[in-house]
DNA sequence: CATGAATGAGCCTTCATTCAT
DNA sequence: CATGAATGAAGGCTCATTCAT
C-alpha cells in the first residue's frame, strides 16, 4: 500500500503530470558534409568525405524532447493501467494498448519492464514530493510540519489518487530477482525519515511528549497510506475531514 | 500490507492451523516443509497426517478427511511460498513443488488458483482471530480491548510472521476478474468493524474523548499492518516493545 | 559443417533412430492408501492417512517410457527441421508444428531450446558412433581403421543424411552466451582424437610414413565433412565411389 | 566453414579492403573500429575517408562516392561483428552500433539484411582472391599451383582471420527464402573449379597420378577450410608449418 | 485420488524494416 | 543523406488449466 513522501527537496514540478500526448518535434542535426581540399587541377588529389557519426552523449536538448515526451506518455499510461488493474495484471501490451502505440515502442524507450516500473515509481514520488513541499515549508513549528505532511499527503491523494494507487501496488510487489521484497525502491520510504526528524525536533523543543519517534513516524505514514484503501471502498470519502481527524489524532498522540 | 483481525467470534479452531504442520505417525516422520527439503534422496516419502478424533463421533467420511488434509497441506505450502517469493512469483508449480506433489493435485482439490488464494487468506485470518481472541476477551474495559487487540495482533505477527506476510501480499494483490481491488477478501478487514465497536463503547462509557471512530479504527489497523514491513527491514525488531509503544500512542490518542 | 565420429565406444543403438510416434503407456503408480489402526471401539483413535508424495528420483522405468518417447520424437523432428531450414530458421514453433504438438510440450520435456539442441547433437553423435563402430572394429591394421572410419562415416551419411546436415548446422552455430564458438559440443569432435590415434599407431607400426598426425587427422575429417555439402549440390552422388576415392587419396597420403 | 578461393581472375582490388580501415584525415583520426571503442566520450566524431583518385579521372560523382564509402564501412563492421559473435547473433543493430551509426543508415544503403550479407561475402571473397593471386601466378607447374593455392589461402587466413571466420559463418548459414542452403553464394566455391582445373592439368602433364579430380579438389578445399576452426581452438597455431604439412600431404596424395 | 502430459494464451524481448523529418 | 521513432511479427518461455490413465 502507498506511502507518504516526506523529503520536501528536489521533486519534479507538478506540471510534468500533464503529459503531452501529441508530439512532433525535430531531432538531432548531424548531417553529412563533404569537402574537396587542395587538389591542384590535373593532379591526383583526395576527395575527403566525412560521414556523420552518432555522438556518445546526447549533445542537444532537442533530441531529448520527443524522447522524453514519449517516455512521459508511457509512464503516465502505466500509472493508469497499474492503478486500474493492478501490478500483477499489468503487461506491456496493456500499457501500449492504452497509449495507442505498439508494444515495441515501450521496449524502444525503456530498457525493459523493470526500468519502466522504476520510472513510474520515481515519477509518482517526485510528484508527491513537489506537491507536499509547500505544505510543509510553511509550517511554523514541529507539529505544523506534521500537520503539513498529513494535509499535503491527503491533498495529493485527492488530486492524483491514481498515482498513489499505482505506487502502492508497485511497492507492494517490488521484488528483486530472488523474490525478496525491495522495501525502498526509489527512496520512496524516505518519508519515515522525514517524519522522524520532525518528531525529534518537536520533542527537543518540548512541544511533544516522550515516545518512540520511530513507532510514531511509522504509524503516521501507515495511517496516511491506509487512506487510498478507504478511498476505494468509499469514493465519496471527505478527504479534508479525514485530514482534520488525522491531524487531531496525532496531535493528541504527540502533544506534551 | 497485512491487516489486524478483530472479530473474536467465529474463527476456525487453532488446531486447524496445526493439521499440516504437526505430524505424528507413519513410516517417515516429516513436517510438511521438511518433506520437501529433508527427504532422504531417492526414496518416495509419505506424508502421514493423523487427525484427532473425538471418541463418540460418528464414522468419519474418509473422503472428506483426506480431502481436508490435502487442502490443509496445500494451503500451508502456499503460505510459505507466498511469504517467501511474493504473490507475483507464486505459481501452482512452485507450491506443488514445495508440497512434493504434482500440479494436478492442486487443481483437483481447488477450483482454481483463486480459490486456493481465498482459502489461504481465510486460513490466516482464522488463525489470527483464534490467536487474538483470548487477548481481547480478558479485557476489562474498552481500552483494554484495544490494548488486547494490539498485543494479540503483534503476538501473532511474532508467532506466525510468514502467515501475515502471505496475507499481506494477497490482500495487496487480490483483484476480481475486472482487475478492481477486492478490499475485503475473506472478511479480513472485519477488524476495522471490531475496532470501531470497541471505540464506540469507550466513547459511550466516557473512557474515550470524541473523535471519528472510523478514522481511529483505520489508523490503528494501519499501524498494526505496518509492523510486518518493519519486521522485514529489521528482523530483530522487539515486538513486545513495539506493542507497548503502540498501546501508549493510541492511549494518548483516545483517552478522554 | 559436419564431422566424423570416431570413438567406437558406447553409442546408442541405431534402433533409437526409429522413433515411435504413437505413444500410450502407463505411468508411476503412487497412490494413496489409508489405514485405521489400533482403535478400540468407543475410544478416541487416530485415523491415519498417508498422502502420496513424489519421490526425488524416478523410481520406475515405466515412467521414463512415455517421457523418453516424446523426447525422442521431438529430437527427431528437430533433426528434420534443422536439416531442412537450417539452424537459424529453426524455432520451437516449427519443431512443434512438425511434431504435431504445441510449443509448450517442448518446454515441458526440455529445459529450454539449448537443452534440446544439445540432445539433438548427442543423438546424432551417438547414432553415428554406433553406426561406424563395426566398420572400425573389423579392421586388421591401422590403415584398415582409417578405411573403416571413412567408409563407416560415408555409410552413415548415406543412411542418415539429414542427421549429419543437422549436426553440421548445429556445430557451425553452437555458441555460448558470449557468442564464442563452442568447438566441441557434445564431444563430437572426438573424431579427430580417434583418427590421430589410428595414425600414430600406423606410424609406430611402420605402415605409415612420417607426417603431422594432427594435420592429417584434421584433413581426413574435413574431407568427410565436406561430403554433406557435395550431397546437397548433387543428390545423386555415388557415395560408395566417393568413399573408395577418399580411401585411395589418404592411402597415398599416408603410406610409408 | 570457410572456403578456399581459387579463381585468380577478376577480384576486386585489394585496396578496397583497406577503404574502411585506413583513414587519413579529418579533425579526428580513427579507424573504423576505433571510432566505436576509442572515441573520446561526449564528442561527436567524424569518420573521414579519403579515397585515392587517379589524376585524370573525370569529375567524381559524389553520390556514388560517399555511398561507396558508407557501404564499405558497413560491410567492414559487419565482418567484425559476424566474426565476433556469429551469424546468428548478428543484428543490424549490432553492426550499426559498431559503426557508430543508426540502424536506418544500413537499410538506406542496402536493400536489406540479405544484400548486406551478400556484400560481405563478396567482399571477403574478393579480398581472398586478390591475396592469393600472386601466390598462384608464380607457379611453374600444376603442383606449384596447388602449393600456391594452399599457401596463399593460409596466408590470407593468417592475415585476415576475421574475414574468413565471417565468411565461414555466412556460408554455413546462407539460405534462400525457402530455407534451402545456398551452397554457392557469391561464387565462393569457385575455388573447387579452379583446383579441379589445376589437378586436371597435372594429370595431363603426367605430374599427377590418376584420381578423381573432384574428390581431390573438394578435399583440398575442405582441408583448408578446416584451418579456421583449428585456429579458434588454438590461436597460436603455426600457419606456416601447417601450410607445409598440407602441401606435403597433397603432394603424396597426387604425385604420379 | 494422483499423476504426468498436454494445451493455449500470454508475457517480455528482439529484430528487420519503414518513414517523416 | 542520416536519424530516431515506430511497427508488427516472431522468438523462447511460463503458467493455469484440463484430461486420460
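Chains as they are written, first to last, in this note's numbering: chain V, 9 to 264; chain Y, 9 to 264; chain X, 9 to 264; chain S, 9 to 264. Here a beta-carbon is modelled for each residue, glycine too, at the ideal position from N, C-alpha and C.
Member of the options whose CA lies at the smallest distance from the CA of residue i
i, options, result
"residue 134 of chain Y", "Y/164, Y/153, Y/107 and Y/183", "Y/164"
"residue 173 of chain Y", "Y/132, Y/140 and Y/207", "Y/132"
"residue 126 of chain X", "X/211, X/235 and X/80", "X/80"
"residue 255 of chain X", "S/224, S/87, S/103 and S/148", "S/224"
"residue 128 of chain Y", "Y/181, Y/141, Y/142 and Y/171", "Y/171"
"residue 259 of chain V", "V/246, V/102 and V/156", "V/156"
"residue 109 of chain V", "V/94, V/82 and V/87", "V/82"
Euclidean distance between Cα positions of residue i and residue j
i, j, result
"residue 146 of chain V", "residue 154 of chain V", "11 angstroms"
"residue 136 of chain S", "residue 161 of chain S", "7 angstroms"
"residue 264 of chain S", "residue 206 of chain S", "15 angstroms"
"residue 183 of chain X", "residue 228 of chain Y", "59 angstroms"
"residue 117 of chain S", "residue 151 of chain S", "43 angstroms"
"residue 158 of chain Y", "residue 239 of chain Y", "16 angstroms"
"residue 251 of chain X", "residue 261 of chain X", "15 angstroms"
"residue 89 of chain S", "residue 91 of chain V", "44 angstroms"
"residue 14 of chain Y", "residue 203 of chain Y", "Note that residue 14 of chain Y scores 44 on pLDDT, short of 50, meaning its location in the model is unreliable; the coordinates nonetheless yield the value given after this. Distance between the alpha carbons of residue 14 of chain Y and residue 203 of chain Y is about 7 angstroms."
"residue 242 of chain V", "residue 220 of chain Y", "16 angstroms"
"residue 114 of chain S", "residue 76 of chain V", "26 angstroms"
"residue 29 of chain S", "residue 244 of chain S", "Confidence in residue 29 of chain S is poor, its pLDDT being 35 and thus under 50, which makes the residue's placement too unreliable to answer from."
"residue 257 of chain S", "residue 78 of chain X", "47 angstroms"
"residue 74 of chain X", "residue 87 of chain X", "20 angstroms"
"residue 222 of chain V", "residue 102 of chain S", "52 angstroms"
"residue 143 of chain X", "residue 208 of chain X", "19 angstroms"
"residue 169 of chain X", "residue 246 of chain S", "35 angstroms"
"residue 212 of chain X", "residue 212 of chain S", "36 angstroms"
"residue 93 of chain Y", "residue 141 of chain V", "36 angstroms"
"residue 175 of chain Y", "residue 130 of chain V", "27 angstroms"
Exposed unless 16 or more other CB atoms sit within 10 angstroms - verdict on residue i
i, result
"residue 276 of chain Y", "Residue coverage of chain Y in this structure runs from 9 to 264, which leaves residue 276 of chain Y outside it and unanswerable."
"residue 217 of chain Y", "exposed"
"residue 72 of chain X", "exposed"
"residue 249 of chain V", "exposed"
"residue 275 of chain X", "Chain X is shown from 9 up to 264; residue 275 of chain X falls before or after that span and cannot be answered."
"residue 112 of chain Y", "exposed"
"residue 177 of chain Y", "buried"
"residue 214 of chain X", "exposed"
"residue 84 of chain Y", "buried"
"residue 2 of chain Y", "Outside the shown range of chain Y, which is 9 to 264, sits residue 2 of chain Y, and nothing can be said about it."
"residue 38 of chain Y", "Since pLDDT at residue 38 of chain Y reaches only 31, below the 50 mark, its modelled position is unreliable, and the value read off the structure follows with that caveat. Residue 38 of chain Y should be labelled buried."
Cβ-Cβ distance between residue i and residue j below 9 angstroms
i, j, result
"residue 139 of chain V", "residue 107 of chain V", "no"
"residue 226 of chain V", "residue 234 of chain Y", "yes"
"residue 210 of chain S", "residue 149 of chain S", "yes"
"residue 104 of chain Y", "residue 180 of chain V", "no"
Would the region 81–100 of chain Y and the region 119–126 of chain Y be scored as touching if the rule is three or more Cβ pairs under 8 angstroms?
yes
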